[in-house]
Amino acid sequence: MSSEARFDRLAALPLRSFTPHKQGLGSFRRQLREIADHRQLLWLLTRRDLQVRYRGSVLGFLWTLIKPLILLAVYYVILGQVLGAARGIENFGIYVFSGLTIYMLFSESLGASTGSIVANGGLVKKIYLPREIFPLAAVGGASFMFLMQLAVLIGAVVVFQQWPEPTGLLYFLPSVALILIYVVGIGLLLSALNVYLRDVQYITEILLTLMMWGSPIVYSWQMVKEVMVRFDIPSWLLEVYTNNPLTLAVLGFHRALWSGGTPADYPEDLALRMGIAGVVGLVFLLIAHWSFQRMQGNLAQEL
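Taking numbering that gives the first Met the number 0, the leading residue of the sequence shown gets 0, the next gets one more, and so forth.
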């Protein structure tokens, strides 16, 4: 009888719709308030993802450093020394590791956020909470790992006395902000699309690998420019390559932490290019959030 009475009380409660009443900027502000109200849950999800990632591991969070260090060793020895990619790039180890550090923030954020809603399908189907929390928690976990890798990079700079120019440090925060703006926007889109089409997660992994080799991480931007001039490739293709947000963030990170660069290693007006990319990224973030809002209505049913 108590169960029947409880069911009767629940049946008598009015249904409440949690779909945003506004679209555009109004909806964006409303969702920001909801996310802020659930900030403790966001922190718990981020901490849980980090704990689950290395649960049962002896080395634990050290694996966050082992992967990029192994990649650094492979690139430094095979590409840098054997294949000669280090020629013309001073302090090649710092150059590669700084590029890998900012790229790993991009890669880990997108890789984790794409499958975040599917991985938390049990919560999505049972209770209401802002769906944006799941990709944001994935980005938060990737940001923590980025900080650990950044500590190693700064330690290497100190140990090897490869001090960057003080003015170059001004590019550090814009580079990180540029990556975060785009990974949040792209992560929102991919996390929702992955619910409807699970192939999105695997396509994303392939694209992330291609994007690493398509960014000046193990080779210099100057090398790309020289190759395009040598083969008489249209200059607008160099502009497309250069103004890619990931390329700009890698170049900005090199400018901030790599001491071996010269003006020829960077495109003209790098700060202006990053600023324009940031403004475009904010517009893209609004569009991505609007698209996410349109897709999130059927997420629980699809799961």
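Note that beta-carbon positions come from the ideal geometry of N, C-alpha and C, so glycine has one too.
6 Å CB neighbourhood of Ala299 in its chain, flanking five on each side removed:
In the sequence shown, the residue the question calls residue 299 occupies position 300. Answer for Ala299: Val123 and Lys124, listed in chain order.
Expressed to the nearest angstrom, what Euclidean distance is found between the alpha-carbon atoms of Ser108 and His288?
Stepping through the sequence shown from its first residue, residue 108 is reached at position 109. Stepping through the sequence shown from its first residue, residue 288 is reached at position 289. Their Cα atoms are separated by approximately 17 Å.
Cβ shell of Gly140 (< 7 Å), same chain only, five flanking positions each side left out:
One-based indexing of the sequence shown puts residue 140 at position 141. For Gly140, where only same-chain residues beyond five positions count, the Cβ hits under 7 Å are Thr45, Asp48, Leu49 and Ala111.
Rounded to the nearest angstrom, how far is the Cβ of Phe291 from that of Leu187, given a contact under 8 Å?
Here residue 291 is taken as the residue at index 292 of the sequence shown, counted from 1. Here residue 187 is taken as the residue at index 188 of the sequence shown, counted from 1. With 8 Å as the limit, Phe291 and Leu187 qualify as a contact, their Cβ atoms being about 4 Å apart.
Going straight from the alpha carbon of Pro129 to that of Gly296, what length do you get?
Here residue 129 refers to the residue found at position 130 when the sequence shown is read from its first residue. Here residue 296 refers to the residue found at position 297 when the sequence shown is read from its first residue. Whole-angstrom Cα-Cα distance: 11 Å.
Pull up the CB-CB distance for Leu64 and Val151, whole angstroms please, since I reckon it's below 8 Å.
Taking the sequence shown and counting its residues from 1, the one referred to as residue 64 is at position 65. Taking the sequence shown and counting its residues from 1, the one referred to as residue 151 is at position 152. Sure, about 6 Å apart at Cβ, within 8 Å.
Leaving out five residues before and five after Leu168 in sequence, what residues of the same chain have Cβ atoms less than 7 Å from its Cβ?
Here the question's residue 168 lines up with position 169 in the sequence shown. So the list reads Ala255, once near-sequence residues are dropped.
For Gln221 versus Ala263, is the C-beta spacing smaller than 7 Å?
Position 222 of the sequence shown, counted from the first residue, corresponds to residue 221. Position 264 of the sequence shown, counted from the first residue, corresponds to residue 263. Cβ distance < 7 Å, so Gln221 and Ala263 count as in contact.
Spatial neighbours of Thr241 within its chain, please: C-beta separation below 6 Å, excluding the five flanking residues on both sides.
Position 242 of the sequence shown, counting from 1, holds the residue named residue 241. The answer, listed in chain order, is Pro266.
Considering only the alpha carbon of each residue, which of Val199, Ile180, Leu61 and Leu189 lies closest to Leu281?
Within the sequence shown, numbered from 1, the residue matching residue 281 stands at position 282. When only C-alpha atoms are compared, the closest one is Ile180.
What is the DSSP secondary structure of Phe159, counted as helix, strand or coil?
Translated into positions along the sequence shown, residue 159 becomes position 160. DSSP places Phe159 in coil when its eight states are reduced to three.
Count the other CB atoms, across all protein chains shown, that sit within 10 Å of the CB of Phe133; report buried if there are 16 or more and exposed otherwise.
The residue you call residue 133 lines up with position 134 of the sequence shown. Answer is buried; the Cβ neighbour count reaches 16.
Backbone secondary structure at His37 - three-state DSSP:
Start at 1 with the first residue of the sequence shown, and residue 37 comes out as number 38. Residue state, collapsed to three classes: coil.
Tell me whether Lys21 is buried or exposed, calling it buried when 16 or more other Cβ atoms sit within 10 Å of its Cβ.
Here residue 21 corresponds to residue number 22 of the sequence shown, with the count starting at 1. Caution applies to Lys21, whose pLDDT of 49 falls short of 50 and renders its modelled position unreliable; the value that the coordinates give is listed next. Classification for Lys21: exposed.
Which first and last residues belong to the alpha helix (DSSP H) in which Gly120 is found?
Start at 1 with the first residue of the sequence shown, and residue 120 comes out as number 121. For Gly120, the enclosing alpha helix (DSSP H) has its first and last residue at Gly120 to Lys125.
Taking the C-alpha atoms as reference points, what is the distance between Gly251 and Phe143?
Stepping through the sequence shown from its first residue, residue 251 is reached at position 252. Stepping through the sequence shown from its first residue, residue 143 is reached at position 144. When rounded, the distance between both Cα atoms is 20 Å.
Evaluate Gln148 with the Cβ neighbour count: other Cβ atoms within 10 Å of its Cβ, from every protein chain shown; 16 or more gives buried, anything less gives exposed.
For the purposes of this step, residue 148 is taken as residue 149 along the sequence shown, with counting starting at 1. The residue is buried, with at least 16 neighbouring Cβ atoms inside 10 Å.
Quick one: what does DSSP say Tyr314 is sitting in, helix, strand or coil?
As displayed, the chain neither begins before 0 nor continues past 302, which places residue 314 out of reach and without an answer.
Here's the rule I'm using: 16 or more other beta-carbon atoms within 10 Å means buried, otherwise exposed. How should Pro215 be labelled?
On the sequence shown, position 216 is the one that residue 215 refers to. Pro215 should be labelled buried.
Coarse secondary structure for Val95, derived from DSSP in three states
Here residue 95 corresponds to residue number 96 of the sequence shown, with the count starting at 1. Here Val95 sits in helix by DSSP.
Below 8 Å on the Cβ atoms is my contact criterion, and I expect Leu71 with Val95 to pass it. Report the Cβ-Cβ distance as a whole number of Å.
Counting from 1 along the sequence shown, the entry for residue 71 is found at position 72. Counting from 1 along the sequence shown, the entry for residue 95 is found at position 96. Right, their Cβ atoms sit about 6 Å apart.
CB contact flag (Asn243, Thr113, <7 Å)
By one-based count along the sequence shown, residue 243 stands at place 244. By one-based count along the sequence shown, residue 113 stands at place 114. Not in contact: Asn243 and Thr113 (Cβ atoms no closer than 7 Å).
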